[in-house]
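Worksheet: the structure to be examined is printed underneath.
In the numbering used here, the protein residues as written are 197 to 531.
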């Protein structure tokens, strides 16, 4: 049986997690009676939390935003999640590194010692992908300006910098997204009459904003799928425009760690069927050569033609290198 204080903390955590909670469901989750739920709700109200109740057989409770902020209470899992989020805030490239560090210090100071020692051992380090350059930083005022325009549904005017001589771009901002350490704005470009994805670190908002607009329906509906599709070179679906299948002369266990967003299935002790995609057939053929093994093309014919094209290019490169190797060294003229 949980203590009254622990139960209050669990009840508050549940009320913060969703908009509406039926009383019966709360009682079931906390393994207490309806009467105990009503008494605990009253105690939370005395602490300053505005909890509204709905009557009737399906009645329940919901937590309203108050004019004053009561003490925030987090359970152990929420404290761990908050600490990890603050430690990894630098990955977003938004310029929140210093505020996140200060917030992390503040949270740590108020944690109970048992939890503080556990979190001190949770040291998170973000390692960028190979080949990634420095994460471009986005000024906090820029992110706030983009978010405000999205929320107000106002046309956004921006240039590449504050002193950009070019006429400002005019877009209807719909979503602010982050992917692999970069921030992007998904917007309808009014001048090009099409959807566009802009890097937020290259946006300098102009004031004032333009008129209000009615939100448009994105292709595919889901913003995550839409952005993933555009990054793969597709306008409609989250899929590579060029997808092919091959048989790799390798055991399945040797292929599995490098499947990525493709699929693989074993065909025997030393054969694996592998299906993957890329933005072009030549790019797909080149990526398959990374397995350093014999390859049999299954489908489609375009992939086989791409291997032939790649072979011609590589042969020409090899001949150039070979001629350079046979060329005699140039000696300095005698003085």
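Glycine residues also receive a C-beta, built at the ideal position from the N, C-alpha and C atoms.
- Per DSSP, residue 477 is one residue of the alpha helix (DSSP H) stretching across 477-484.
- If you draw a straight line from the Cα of residue 389 to the Cα of residue 380, it is about 19 Å long.
- With a beta-carbon spacing of about 5 Å, residue 256 and residue 217 fall inside the 8 Å limit used to define contacts.
- In the three-state reduction of the DSSP assignment, residue 491 falls in the strand class.
- When the beta-carbon positions are compared, residue 247 and residue 204 stay at least 8 Å from each other.
- Distance from residue 368 to residue 412 at the Cβ level is roughly 7 Å; contact confirmed, criterion being Cβ atoms closer than 8 Å.
- Note that the C-beta distance between residue 258 and residue 215 is below 8 Å.
- Setting aside the 5 residues that flank it on each side, residue 346 is surrounded in the same chain by 369, 370, 371, 372, each with a C-beta closer than 8 Å to its C-beta; the list follows chain order.
- Counting other Cβ atoms within 10 Å of its Cβ, residue 356 stays below 16 and is therefore classed as exposed.
- In the structure shown, residue 413 falls within a coil segment according to DSSP collapsed to helix, strand and coil.
- Judged by DSSP secondary structure, residue 219 falls within the alpha helix (DSSP H) whose first and last residues are 219-226.
- Cβ neighbours of residue 221 within its own chain (closer than 7 Å, five residues either side excluded): none.
- Residues of the same chain with a CB within less than 6 Å of the CB of residue 430, apart from the 5 flanking positions on each side, are 437 in chain order.
- If you ignore the 5 residues before and after residue 299, its C-beta comes within less than 6 Å of the C-beta of 282, all in its own chain and listed in chain order.
- For residue 313, the secondary structure class from DSSP, reduced to helix, strand or coil, is helix.
- Between the alpha carbons of residue 276 and residue 207 lies a distance of about 19 Å.
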